[in-house]
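Asker: A single structure is presented below for examination.
Chains as they are written, first to last, in the working numbering: chain A, 551 to 827; chain B, 9 to 294; chain C, 920 to 1272.
Written out as structure tokens, the structure reads:
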């Protein structure tokens, strides 16, 4: 935001009010409860933390969680861009329905999503049965987890890109096109830089939601330790032993890694914003 | 970035005809692919839900939905959404304003903290409230002494839902408002407009799309949330069961069709919100 | 600017307070209503029974029967509220403050955990007859119609090419009985050699392609997805699956011996005393042992313990050799840490080599 250099706080009103309110609300709803995890209310000691953190099964579950969430996030970003683009730029019959359906994955309870997706991708399902003869197992494998996370995350990307795209004036593109730029070049040089920040946001949201997702994944993953066991499931499994400390340890590590990743993506986005010209 | 500065704003009210200018082939290929993606990724699983729901016929379907437990779950779900969505919307707008219209230290940190609830596993999202308000939590003994129930009652369910849907509105608005810069508002202020009026007359028309999407997503998620709520609800039938919890219980009782029928009710609710959005869109474009 | 921040903070606090208060307000209304009823001895009383997953139909029937019995006996109306969920989760909810008057869970370990926090008095398991387990069950095999892989006993589960479906004992309380049943069988067939038993169980789990997190998920995997040749299930759930999902598709096979699954019941003393429901709660659990209670349990495929009812339902529950967890494993207090907790035997099965 280059031109705000003049007035650091600007002439706009309401900084104090909105900032104060945001921080308080954030603290009450998110930060204070979350700090309950960290503040040792469960008798978590360093030794315990360390032994949980280095347990091979826990490490394997992190790997599964992060890999599948990243894959799902990436695919969602591409598909989401396509969906948003078509929705904003083109008119076609049934568009309103198209638009309406995008949000439904959020409204469906995750467990139902998990059961339905497993029904589709398992070896006797509508899609899974095509892949079974090829020796490809969709459900009960990391592919299945990725598919579930894609379903869960797609609205994030579409809905973050859509408003920006809607706001983007077609005139600039038209001008570029009139000036002789090819369509691809127009997209790449004019539109894409504008879309990169929302795309990054969409990715970050889909990705982080994927890491934490439990309800839909447990049905499709098969939950085999070391192979398709996700980290949130290990949290459940530790709670089942009344091992609050162990569960908290897994959660804290998960949370820290996600937080750092999100921070990186958010900073990257800022950097993109600054340098995109 | 520099190119974008003057071009956003009032005239961005998207006129559809103007934008449909890609020539035939590319347009239809893109639309076709997008439709396929949509069918495969979203419609197919929903179709499974509907077919399973109707597998045992309309009788079972209607009965599942008219069950008093299902109705009380529906009421609870609507009530929770009614309380959480406005609260999170106010927060989202305030946070987006502070973050995008001003420069301050630690902005990235704040943005990331707002994102945090997305990265927290829903199970943990519920557990933290148990750790704070549960019988063995920080405030547990005090709450018990005063006979105030938070966990395993309505307030707990609301808190957990607020946590899970916390970032939606803010997250929708931040990229949008960042893109729009603040000259318009500044101009308005220079011209003598004040405080809330600037927001209402200048900012709001520009962000209404993002705001609407944010609210819709927030609402959909608030009604569909399962994991976090299930930890703090206590699952008392007819009392603290939300619709998603009711779906799970039916499923666990081998009532497959009934459980999917109730799930389809949730889809229906989401469609209603989307119809409202359609109505709003049409109204505002006139 | 400073003033603005203060305003914002203040506003934030006010909004949050009103939200919480509004929520509490609506809740305390409901609360006071139930509080009143708890205080009066005549009139009406309310019980909360926190139970595990597939017991809803059982308790729906039983609650009606008990309410009628109680009204006749004491002239008092009793309404029973039900909560269902995974056994371990339900136990945690009670520990964390869910005000249950009675708990009826899938395994004693989950009630022990509540007792440890002082909510339930010590010795709960001897408060009622038969380890406080008014009805029991066991672990059986659900196979596809005609039993194509010819599975008759536990040994057949580790034959080549047999796939076994069972939930993860670490996330599903009910599935711990599955594991223990297999262990007990192997122990008895190898002169109580623990190492051999461990080997058998390890081999068994190598035949498990998918470990669902709960019993219902495992049933779906077996029934709807067509995965596996045999499902290890509680007897009552096997019957439910056959009834609900396809009498023409599945058979139930009884192994030569299995474990006696004892889902116990207990009064949550502290809550019941506080709410003044101790008397009716005790009667509620006691009545489970009556002829009527036992019949309802049997109708919902739980094994009755009362002889007269047992006889009536003899066809439904074939006699097989059953061992108890106390005999073979020394109770849950020993079995849980040894087998299922982190570092236990189950974890070693999946430890990377």
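Using N, Cα and C, we set each Cβ at its ideal position, and we do this for glycine too.
Here the structure is a predicted model, which is why all the values come from computation and not from measurement.
Among the residues of its own chain, which have a CB less than 6 angstroms from the CB of residue 661 of chain A, if the five just before and after it don't count?
Answerer: Here residue 661 of chain A corresponds to residue number 111 of the first chain, with the count starting at 1. Excluding sequence neighbours, residue 661 of chain A sits near 765.
Asker: Roughly how far, in whole angstroms, is the beta-carbon of residue 1172 of chain C from the beta-carbon of residue 1062 of chain C, given that I think they are within contact range, below 8 angstroms?
Answerer: Taking the third chain and counting its residues from 1, one reaches residue 1172 of chain C at position 253. Taking the third chain and counting its residues from 1, one reaches residue 1062 of chain C at position 143. Indeed, because the Cβ distance is near 6 angstroms, the residues count as touching under 8 angstroms.
Asker: Along chain A, which residues have their Cβ under 7 angstroms away from the Cβ of residue 252 of chain B?
Answerer: Counting from 1 along the second chain, the entry for residue 252 of chain B is found at position 244. 659, listed in chain order.
Asker: Counting contacts by CB-CB distance shorter than 9 angstroms, is residue 618 of chain A in contact with chain B?
Answerer: For the purposes of this step, residue 618 of chain A is identified with residue 68 of the first chain, where counting begins at 1. No - not a single Cβ of chain B is within 9 angstroms of the one on residue 618 of chain A.
Asker: Given that residue 1014 of chain C touches chain B, what residues does it touch there, using C-beta distances under 9 angstroms?
Answerer: Here the question's residue 1014 of chain C lines up with position 95 in the third chain. Per Cβ cutoff of 9 angstroms: 142, 143, 144.
Asker: Could you list which residues in chain C have their beta carbon closer than 7 angstroms to that of residue 668 of chain A, in chain order?
Answerer: Position 118 of the first chain holds residue 668 of chain A. Per Cβ cutoff of 7 angstroms: 1144.
Asker: Which value, in whole angstroms, describes the spacing of the CA atoms of residue 946 of chain C and residue 135 of chain B?
Answerer: Translated into positions along the third chain, residue 946 of chain C becomes position 27. Translated into positions along the second chain, residue 135 of chain B becomes position 127. Confidence at residue 946 of chain C is low in this model, with a pLDDT of 47, below 50, so its placement is unreliable and the value that follows should be read with caution. Approximately 21 angstroms, taken between the alpha carbons.
Asker: For the segment 191-216 of chain B, list the alpha helix (DSSP H) runs that are entirely contained and at least 4 residues long, ordered along the chain.
Answerer: 191-198, 203-206
Asker: Tell me which residue opens and which closes the beta strand (DSSP E) that residue 881 of chain C is part of.
Answerer: Examination of residue 881 of chain C is not possible in this model, given that chain C is present from 920 through 1272 alone.
Asker: Tell me, please, whether the CB atom of residue 804 of chain A is closer than 9 angstroms to any CB atom in chain B?
Answerer: Stepping through the first chain from its first residue, residue 804 of chain A is reached at position 254. So yes, residue 804 of chain A belongs to the interface.
Asker: How big is the Cα-Cα spacing for residue 274 of chain B and residue 125 of chain B?
Answerer: The sequence position of residue 274 of chain B within the second chain is 266, counting from 1. The sequence position of residue 125 of chain B within the second chain is 117, counting from 1. For residue 274 of chain B and residue 125 of chain B, the distance between alpha carbons rounds to 23 angstroms.
Asker: Could you tell me the distance, in whole angstroms, from the CA atom of residue 276 of chain B to the CA atom of residue 653 of chain A?
Answerer: For the purposes of this step, residue 276 of chain B is taken as the residue at position 268 of the second chain. For the purposes of this step, residue 653 of chain A is taken as the residue at position 103 of the first chain. Spanning the two alpha carbons is a distance of roughly 12 angstroms.
Asker: Closer than 6 angstroms by C-beta to residue 643 of chain A: which residues in its own chain qualify, once you throw out the five before and the five after it? Chain order, please.
Answerer: Within the first chain, residue 643 of chain A is the residue found at index 93, counting from 1. Nothing meets the Cβ criterion.
Asker: Determine the chain B residues that contact residue 586 of chain A at a beta-carbon separation under 8 angstroms, and present them in chain order.
Answerer: Taking the first residue of the first chain as position 1, residue 586 of chain A is located at position 36. Under the 8 angstroms cutoff, chain B gives 136, 139, 140, 145, 146.
Asker: Quick check: the Cα distance between residue 27 of chain B and residue 636 of chain A, rounded to an integer number of angstroms?
Answerer: By 1-based counting over the second chain, the position of residue 27 of chain B is 19. By 1-based counting over the first chain, the position of residue 636 of chain A is 86. Note that residue 27 of chain B has pLDDT 42, beneath the 50 cutoff, so the model's placement of it is unreliable and the number below is only indicative. One C-alpha to the other measures close to 11 angstroms.
Asker: Counting contacts by CB-CB distance shorter than 9 angstroms, is residue 582 of chain A in contact with chain B?
Answerer: Residue 582 of chain A sits at position 32 when you count from the first residue of the first chain. Taking Cβ atoms only, chain B reaches closer than 9 angstroms to residue 582 of chain A, which makes this a yes.
Asker: When the cut-off is 9 angstroms and only beta carbons count, does residue 791 of chain A lie next to chain B?
Answerer: To locate residue 791 of chain A, count along the first chain from 1; it is residue 241. No, residue 791 of chain A lies away from the interface with chain B (no Cβ there is under 9 angstroms from its Cβ).
Asker: For the segment 1124-1148 of chain C, list every residue whose C-beta sits within 9 angstroms of some C-beta in chain A, in sequence order.
Answerer: 1127, 1128, 1129, 1130, 1131, 1132, 1133, 1136, 1139, 1140, 1143, 1144, 1145, 1146
Asker: Tell me whether residue 165 of chain B sits in a helix, a strand or coil according to DSSP, three-state version.
Answerer: Counting from one through the second chain, the residue named residue 165 of chain B turns up at place 157. It is helical.
Asker: Grouping DSSP H, G and I as helix and E and B as strand, with all else coil, what is residue 1233 of chain C?
Answerer: Within the third chain, residue 1233 of chain C is the residue found at index 314, counting from 1. In the structure shown, residue 1233 of chain C sits in coil (DSSP, three-state: anything other than H, G, I, E or B).
Asker: Closer than 9 angstroms, Cβ to Cβ, to anything on chain C: give me those residues from the segment 562-573 of chain A, in chain order.
Answerer: 563, 564, 565, 566, 567, 568, 569, 570, 571, 572, 573
Asker: Cα-Cα, which of B:177, B:228, B:237 is closest to residue 216 of chain B?
Answerer: Here residue 216 of chain B refers to the residue found at position 208 of the second chain. Measuring from the Cα of residue 216 of chain B, the nearest candidate turns out to be B:177.
Asker: Just to confirm the assignment, what range does the alpha helix (DSSP H) spanning residue 152 of chain B have?
Answerer: Residue 152 of chain B sits at position 144 when you count from the first residue of the second chain. Segment 148-153, the alpha helix (DSSP H) holding residue 152 of chain B.
Asker: Would you say residue 681 of chain A lies against chain C (beta-carbon separation less than 9 angstroms)?
Answerer: Walking along the first chain from the start, residue 681 of chain A turns up at place 131. Answer no: the Cβ-Cβ gap between residue 681 of chain A and chain C never drops below 9 angstroms.
Asker: Just to make sure I have the definition right: I need the residues of chain B whose C-beta is within less than 7 angstroms of the C-beta of residue 1163 of chain C. Which are they?
Answerer: Mapped onto the third chain, residue 1163 of chain C falls at position 244. Within 7 angstroms Cβ-Cβ: 262.
Asker: Could you confirm whether any beta carbon from chain A is found closer than 9 angstroms to the beta carbon of residue 265 of chain B?
Answerer: Reading the second chain from its first residue, position 257 is the one you call residue 265 of chain B. It does not: the Cβ of residue 265 of chain B has no partner Cβ on chain A nearer than 9 angstroms.
Asker: Going along the segment 224-236 of chain B in order, which residues come within less than 7 angstroms of chain C, judged by CB to CB distance?
Answerer: none
Asker: Report the residue ranges of all alpha helix (DSSP H) runs contained in full by the segment 681-710 of chain A; include only those spanning at least 4 residues, in chain order.
Answerer: none
Asker: Can you pull the chain A neighbours of residue 221 of chain B, defined as C-beta to C-beta under 7 angstroms?
Answerer: Numbered from 1 along the second chain, position 213 holds the residue referred to as residue 221 of chain B. Those within 7 angstroms of residue 221 of chain B in chain A are 709, 712, 713.
Asker: Which residues mark the beginning and the end of the beta strand (DSSP E) in which residue 768 of chain A is found?
Answerer: For the purposes of this step, residue 768 of chain A is identified with residue 218 of the first chain, where counting begins at 1. It is not in any beta strand (DSSP E) - residue 768 of chain A instead sits in the alpha helix (DSSP H) that spans 767-771.
Asker: Kindly indicate which residue of C:973, C:1239, C:1042 has the alpha-carbon position closest to the one of residue 1001 of chain C.
Answerer: Start at 1 with the first residue of the third chain, and residue 1001 of chain C comes out as number 82. It is C:973 whose Cα lies nearest to the Cα of residue 1001 of chain C.
Asker: Which residues in the same chain as residue 1224 of chain C place their Cβ atom closer than 6 angstroms to its Cβ, once the five residues preceding and following it in sequence are excluded?
Answerer: By one-based count along the third chain, residue 1224 of chain C stands at place 305. Excluding positions up to five away in sequence, the list reads 1049.
Asker: Return the first residue and the last residue of the beta strand (DSSP E) that residue 971 of chain C is part of.
Answerer: Start at 1 with the first residue of the third chain, and residue 971 of chain C comes out as number 52. Start and end: 963-971.
Asker: Looking at the unbroken beta strand (DSSP E) that takes in residue 1011 of chain C, where does it start and where does it end?
Answerer: Taking the first residue of the third chain as position 1, residue 1011 of chain C is located at position 92. Segment 1006-1014 is the alpha helix (DSSP H) holding residue 1011 of chain C; no beta strand (DSSP E) there.
Asker: If you draw a straight line from the C-alpha of residue 39 of chain B to the C-alpha of residue 647 of chain A, how long is it?
Answerer: The residue given as residue 39 of chain B occupies position 31 in the second chain. The residue given as residue 647 of chain A occupies position 97 in the first chain. Cα-Cα distance, rounded: 14 angstroms.
Asker: Could one say the Cβ of residue 1067 of chain C lies closer than 9 angstroms to chain B's Cβ atoms, at least one of them?
Answerer: Here residue 1067 of chain C refers to the residue found at position 148 of the third chain. It does not: the Cβ of residue 1067 of chain C has no partner Cβ on chain B nearer than 9 angstroms.
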